[in-house]
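Residue numbers (the UniProt record's numbering): 1 to 144. All residues carry an ideal CB built from backbone N, CA and C; glycine is no exception. This structure is a prediction, so every number in the text was calculated from the model and none was measured. Worksheet for the structure shown next.
This is the structure we're talking about:
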């Protein structure tokens, strides 16, 4: 008897949960993103970056659980002058004894944010290539 009451209560709970509705709000991108501007001089900014390989000191900083092995990326100190918004202060909480924790803070680069800059640089370079192609055509035509 208790089993049937429990089963009935459980079924009622499931039915009431399934009748809940969730409404989604569709926000237009033009409303969501403000102060939209084009990325300019991207090629020049990228030329000032130094891609590097590095390894984290996983022995000294075991408590941070950093990835082992060779990494590819940038030094935050090199990216900061060119793209300050791509550098942020990361923090990791770690245990430092019984019932005690600390926070380690360090600068990190949001490398995914480089993708739009890379696309802008490719477009800049492509425009320059097209300009040079046209110059070569004109020079060939003049030399005939």
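Straight-line gap, residue i to residue j (C-alpha atoms, nearest Å)
i           : j           : result
residue 65  : residue 95  : 12 Å
residue 112 : residue 28  : 23 Å
residue 134 : residue 80  : 37 Å
residue 138 : residue 131 : 11 Å
residue 109 : residue 144 : 53 Å
residue 148 : residue 59  : Lying outside 1 to 144, the shown extent of the chain, residue 148 is not represented and no answer is given.
residue 99  : residue 32  : 43 Å
residue 62  : residue 30  : 45 Å
residue 140 : residue 123 : 26 Å
residue 67  : residue 142 : 59 Å
Cβ-Cβ distance between residue i and residue j below 8 Å
i           : j           : result
residue 121 : residue 40  : no
residue 76  : residue 107 : yes
residue 82  : residue 49  : yes
heavy atom of the ligand GDP below 7 Å from residue i C-beta
i          : result
residue 27 : With respect to small molecules bound, the structure shown includes none, and the ligand GDP cannot be examined in it.
Contacts around residue i, its chain only, beta-carbon distance under 6 Å, and the 5 residues preceding and following it disregarded
i           : result
residue 172 : In the structure as shown, the chain starts at 1 and stops at 144, and residue 172 therefore has no counterpart that could be examined.
residue 97  : none
Nearest residue (CA-CA) to residue i, options the options
i          : options               : result
residue 56 : 69, 50 and 117        : 69
residue 71 : 33, 53, 99 and 25     : 53
residue 73 : 87, 60 and 62         : 87
residue 37 : 116, 136, 129 and 127 : 116
Own chain partners of residue i with C-beta closer than 8 Å, once the 5 adjacent residues on each side are dropped
i           : result
residue 118 : 42 and 46
residue 101 : 93, 94 and 95
residue 125 : 43
residue 51  : 72, 73 and 74
Cβ shell of residue i (< 7 Å), same chain only, five flanking positions each side left out
i          : result
residue 24 : none
residue 78 : 49 and 50
### In chain order, each alpha helix (DSSP H) run of at least 4 residues that lies wholly inside the segment 67 to 129
Listed in chain order, the complete alpha helix (DSSP H) runs (minimum 4 residues) inside the segment 67 to 129 are 76 to 79.
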